[in-house]
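Below is one structure, written out as structure tokens; comments come after it.
In the working numbering, the protein residues as written are -5 to 187.
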């Protein structure tokens, strides 16, 4: 009996695997791009809403911060809690049309009375002696007469009180809570000099 030769067909799965490999590569690249986009978005959120770095300009904060120091600002903290007395805050004023920020220290909070009399800071009728560290305030400005802070208003001074544009001058005045950007958390960099 003659053997019948069976011819086997060979099937190549390469034609079926090529599209799958291309699809896997495309999905991997898209996943990688997606991860980068999510990281960039999260970084944007952190910078926009959580923290910011600012450079101190001028001498109004001296002995605490100096011209050229770089500070980290916590922008989330006042969503969680109210600003407190002696917090160092970053804010804008109502009449500030530029993107100019001020950094000053809160010395009085809503409901407090503030007055500068005989070179001394009085909050609620009591002399503040421990902070800010100064001997005598030479210019009382608007605080020569007693000021009562209304709801959401804060009175701020520079640590270098005799060389500071702060709540004592009309261009700054009492600070509204909605104008406070955040709290200075720490110094990141001290300018050498």
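Every residue, glycine too, gets a C-beta built ideally from N, C-alpha and C. For clarity, every value in this text was computed on a predicted model and none was experimentally measured.
Practice task
Give a yes or no on whether the minimum CB-CB distance between residue 123 and chain C is below 9 Å.
Solution key: Going by chain labels, chain C is absent from the structure shown, which holds only one protein chain.
Exercise for the section: Find out if the Cβ-Cβ distance for the pair residue 99, residue 153 is shorter than 9 Å. Expected result: yes
Practice task
Look at the alpha carbon of residue 30 and the alpha carbon of residue 20, and state the distance between them as a whole number of angstroms.
Solution key: 15 Å
Practice task
Could you tell me how far apart the beta carbons of residue 136 and residue 102 are, in whole angstroms, since I believe they sit closer than 8 Å?
Solution key: Actually they are not in contact, since the Cβ atoms of residue 136 and residue 102 sit about 13 Å apart, beyond 8 Å.
Handout entry: Coil, strand or helix - residue 172 by DSSP
Key = helix
Problem - For residue 66 and residue 151, believed in contact at Cβ under 8 Å, the rounded distance - result: Rounded, the Cβ-Cβ distance is 22 Å, inconsistent with contact.
Problem - Rounded C-alpha distance that separates residue 111 from residue 33 - result: 54 Å
Problem - Continuous alpha helix (DSSP H) stretch holding residue 110: start and end - result: Segment 107 to 111 is the beta strand (DSSP E) holding residue 110; no alpha helix (DSSP H) there.
Handout entry: residue 143 in three-state terms, based on DSSP
Key = Three-state result, residue 143: coil.
Handout entry: One or two residues paired with residue 102 in a DSSP bridge
Key = Partner(s): 149.
Problem - Coarse secondary structure for residue 80, derived from DSSP in three states - result: coil
Exercise for the section: Could you check how far apart the C-beta atoms of residue 177 and residue 71 are, in whole angstroms? I think they sit under 8 Å. Expected result: 5 Å
Handout entry: Cutoff 8 Å; reference residue 146; Cβ partners in own chain excluding five residues on either side
Key = Same-chain partners within the cutoff: 104, 170, 171, 172.
Practice task
Round the Cβ separation of residue 159 and residue 54 to the nearest angstrom and send it over; I've been treating them as touching at under 8 Å.
Solution key: 7 Å
Exercise for the section: Check the DSSP bridge columns for residue 40 and list the partner residues they point to. Expected result: Note: residue 40 sits in no beta bridge, so no partner.
Problem - Residue nearest to residue 148 in terms of C-alpha spacing, selected from 47, 50, 76 - result: Among 47, 50, 76, the Cα nearest to that of residue 148 is on 76.
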